[in-house]
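The sequence shown lines up with residues 213 to 599 when you count with the numbering used here. Structure first, then comments.
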Amino acid sequence: MTDFPVVGVIGGGQLARMMQQAAIALGVELKVLSVGPRDSAALVISDVELGEHTDREAVLNFAHECDVVTFDHEHVPAEILNELINAGIRVEPGPQALVHAQDKITMREALTEAGIPCPAWQAVSREVSADEFVAAVDAFGQANGFPVVAKTSRGGYDGRGVWVLADGMQARELANQADLQNNANWLLEQFVPFTQELAAQVARTPSGQVLAYPVVRTVQTDGICTEVVAPAPGLDDETVAQAQSIALKVAQALGVTGMLAVELFDSEQGLLVNELAMRPHNSGHWSIDGAVTSQFENHLRAVLDLPLGATGLRAPVVVMENILGTESTPGYSAYPGVLAQDPRIKLHWYGKEPRAGRKLGHVTAYGEDLDEVVGRARFAAKSIADQ
Ligand SMILES: Nc1ncnc2c1ncn2[C@@H]1O[C@H](COP(=O)(O)OP(=O)(O)OP(=O)(O)O)[C@@H](O)[C@H]1O
Ligand SMILES: [Mg+2]
Numbered sequence: 213m214t215d216f217p218v219v220g221v222i223g224g225g226q227l228a229r230m231m232q233q234a235a236i237a238l239g240v241e242l243k244v245l246s247v248g249p250r251d252s253a254a255l256v257i258s259d260v261e262l263g264e265h266t267d268r269e270a271v272l273n274f275a276h277e278c279d280v281v282t283f284d285h286e287h288v289p290a291e292i293l294n295e296l297i298n299a300g301i302r303v304e305p306g307p308q309a310l311v312h313a314q315d316k317i318t319m320r321e322a323l324t325e326a327g328i329p330c331p332a333w334q335a336v337s338r339e340v341s342a343d344e345f346v347a348a349v350d351a352f353g354q355a356n357g358f359p360v361v362a363k364t365s366r367g368g369y370d371g372r373g374v375w376v377l378a379d380g381m382q383a384r385e386l387a388n389q390a391d392l393q394n395n396a397n398w399l400l401e402q403f404v405p406f407t408q409e410l411a412a413q414v415a416r417t418p419s420g421q422v423l424a425y426p427v428v429r430t431v432q433t434d435g436i437c438t439e440v441v442a443p444a445p446g447l448d449d450e451t452v453a454q455a456q457s458i459a460l461k462v463a464q465a466l467g468v469t470g471m472l473a474v475e476l477f478d479s480e481q482g483l484l485v486n487e488l489a490m491r492p493h494n495s496g497h498w499s500i501d502g503a504v505t506s507q508f509e510n511h512l513r514a515v516l517d518l519p520l521g522a523t524g525l526r527a528p529v530v531v532m533e534n535i536l537g538t539e540s541t542p543g544y545s546a547y548p549g550v551l552a553q554d555p556r557i558k559l560h561w562y563g564k565e566p567r568a569g570r571k572l573g574h575v576t577a578y579g580e581d582l583d584e585v586v587g588r589a590r591f592a593a594k595s596i597a598d599q
């Protein structure tokens, strides 16, 4: 008999897969609720239940076998999570926090209420006619300038569900073609001419211990995160402190448990929050090889209410580069060349079917010199993606 807890993860993507690496080291048992048997995490976790995260029965049955339930993604409906809570099951983060990562309008309302800086924004109902939508975009653009950013409030990822509208004509095209899923509404935002994008991650336990990671620079290409540099190069101490304090404030104000990522715009208006993720996040993959404690380990520690691990860097510069697939990325055949070229590169493969633009894995490089480390990481990622 041992007393190790079972952590249930809803969703079988690469985040659950990388949580398994941390769970192995801690000796904690991970169970996963996965849609398919070949999903990234289902391939590496022995205890897999197949089921949809929207299937109430499937989620309840799964959760009853776990000491605590957490997530690979944000899409479990709040009604189902509330049922779990009512059944006495621990859910971390809880639905009251998670709703702010599920719905961007709810997030904007709460952050505005808490006095946290955001781009100018406005909610527009999904029920409006095309004419009303165009009028709303026009009025918002008059007040805040064009272009106007329109987002689906729910269900978007990797830039899907984000449109930049130059004028009313483009607003009309969007209104005519867009089909908002999952009861989403429209969120209009001021287009922020940012100088760079940053992410501030914190871990928070149910007992209230919080720790911040170094603030990183993220690069999005066509809406998808492609590169992360830790720590964010050239960022002054004051801005670092500000970004961390925004993330800590968000974690506390919303009662987040586990990992929280706050995506930020660094702009002439100062730091503005873009959006939140309440789980390990692409902006923290560098931490597996580059921090004393990875975001995946700290996520597990946090949801288990264990003391958190140190978040400091293991090297002066750490760079993470995503491997984005093409139709034909085979993956492994590039390994001999890439590994021979750079014995210090760290490779992470997610076991997913190659598809154009899909995140298939990432590489991490670390060292002393920013340009040198960035160069090595980009070369390795590109060699694998484009071979
Ligand atoms: N208001 C804005 N002004 C300027 N650029 C923006 C704005 N909102 C979003 N973007 C750009 O689009 C990217 C994707 O937006 P957002 O993070 O809201 O979408 P997402 O699809 O939910 O992304 P994720 O994959 O992080 O969940 C941002 O990282 C940023 O580069
Ligand atoms: Mg984002």
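Here a beta-carbon is modelled for each residue, glycine too, at the ideal position from N, C-alpha and C. Only a predicted model underlies this, so the values are computations on that prediction, with no experimental measurement involved.
When the alpha-carbon of Leu-460 is set against those of Pro-426, Leu-447, Gly-373, the nearest one is in Pro-426. In the three-state scheme derived from DSSP, where H, G and I count as helix and E and B as strand, Asp-315 is classed as strand. Taking 8 Å as the upper bound for CB-CB distance, Val-221 and Leu-242 are in contact here, some 6 Å apart. The shortest CA-to-CA distance from Asp-501 to any of Asn-294, Met-532, Pro-443, Phe-477 is the one to Met-532.
Here the alpha carbon of Gly-263 sits roughly 15 Å from the alpha carbon of Leu-255. Residue environment: Ser-545 is assigned as exposed (fewer than 16 neighbouring CB atoms within 10 Å of its CB, all protein chains considered). The count of Cβ pairs closer than 8 Å, one atom from the stretch 473–492 and one from the stretch 401–418, reaches three, so the stretches are in contact. Counting only residues whose CB is nearer than 5 Å to a non-hydrogen atom of ligand 1, the list in chain order is Pro-331, Val-361, Gly-368, Tyr-369, Asp-370, Gly-371, Val-374, Glu-401, Phe-403, Val-404, Gln-432, Gly-435, Glu-487. DSSP places Leu-296 in the uninterrupted alpha helix (DSSP H) bounded by 290–298. Judged by DSSP secondary structure, Ile-436 falls within the beta strand (DSSP E) whose first and last residues are 436–442. If you look at Asn-486, you'll find it in the beta strand (DSSP E) that goes 482–489. For Gln-432, the enclosing beta strand (DSSP E) stretches over residues 428–433. Straight-line measurement puts the Cα of Val-452 at about 35 Å from the Cα of Ala-568.
A direct Cα-Cα distance of roughly 48 Å separates Val-346 from Asp-517.
Contact annotation: Leu-484 and Pro-329 have beta-carbon atoms nearer than 7 Å. Around the CB of Gly-482, fewer than 16 other CB atoms lie within 10 Å, so the residue is classed as exposed. DSSP places Arg-590 in the uninterrupted alpha helix (DSSP H) bounded by 582–598.
Shown here, Ser-341 sits in coil according to DSSP, grouped into three states, outside any helix or strand. Annotation: Asn-510 is outside any beta strand (DSSP E); the continuous alpha helix (DSSP H) that includes it extends over 507–515. By the criterion of a C-beta distance shorter than 7 Å, Pro-445 is surrounded in its chain by Arg-429, Leu-582, once the five residues flanking it on both sides are discounted. The continuous stretches of alpha helix (DSSP H) do not include Lys-564, and DSSP gives it neither H nor E. Distance from the CA atom of Leu-559 to the CA atom of Ala-253, rounded to whole angstroms, is 17 Å. With fewer than 16 other Cβ atoms from the protein chains shown falling within 10 Å of its own Cβ, Asn-273 counts as exposed. For Ile-458, the three-state secondary structure derived from DSSP is helix.
In this structure, the straight-line span from the alpha carbon of Ile-596 to that of Ala-552 is close to 13 Å. Taking all protein chains in view, the Cβ of Met-230 is crowded by 16 or more other Cβ atoms within 10 Å, so the residue is classified as buried. Ser-258: not part of any alpha helix (DSSP H); DSSP gives it neither H nor E. Asn-356 sits close to Ala-332, with the two beta carbons spaced by under 7 Å. The distance from the Cβ of Leu-423 to that of Thr-523 is about 5 Å, consistent with a contact at the 8 Å cut-off. Boundaries of the alpha helix (DSSP H) harbouring Ala-234: 226–238, taken from the DSSP string. Tyr-578 carries a strand assignment under DSSP once its states are collapsed to helix, strand and coil.
With a contact defined as Cβ atoms closer than 8 Å, Ile-297 and Arg-268 miss out at about 14 Å. In the assembly as shown, Ala-234 is a buried residue. Its beta-carbon has 16 or more other beta-carbons within 10 Å. At least one heavy atom of ligand 2 is found less than 6 Å from the C-beta of Glu-475. Distances from the CA of Phe-352 to each of Asn-388, Trp-398, His-312, Leu-525 were compared; the closest alpha carbon is that of Trp-398. For Gln-382, no beta strand (DSSP E) run applies; the uninterrupted alpha helix (DSSP H) run containing it begins and ends at 380–389, by DSSP.
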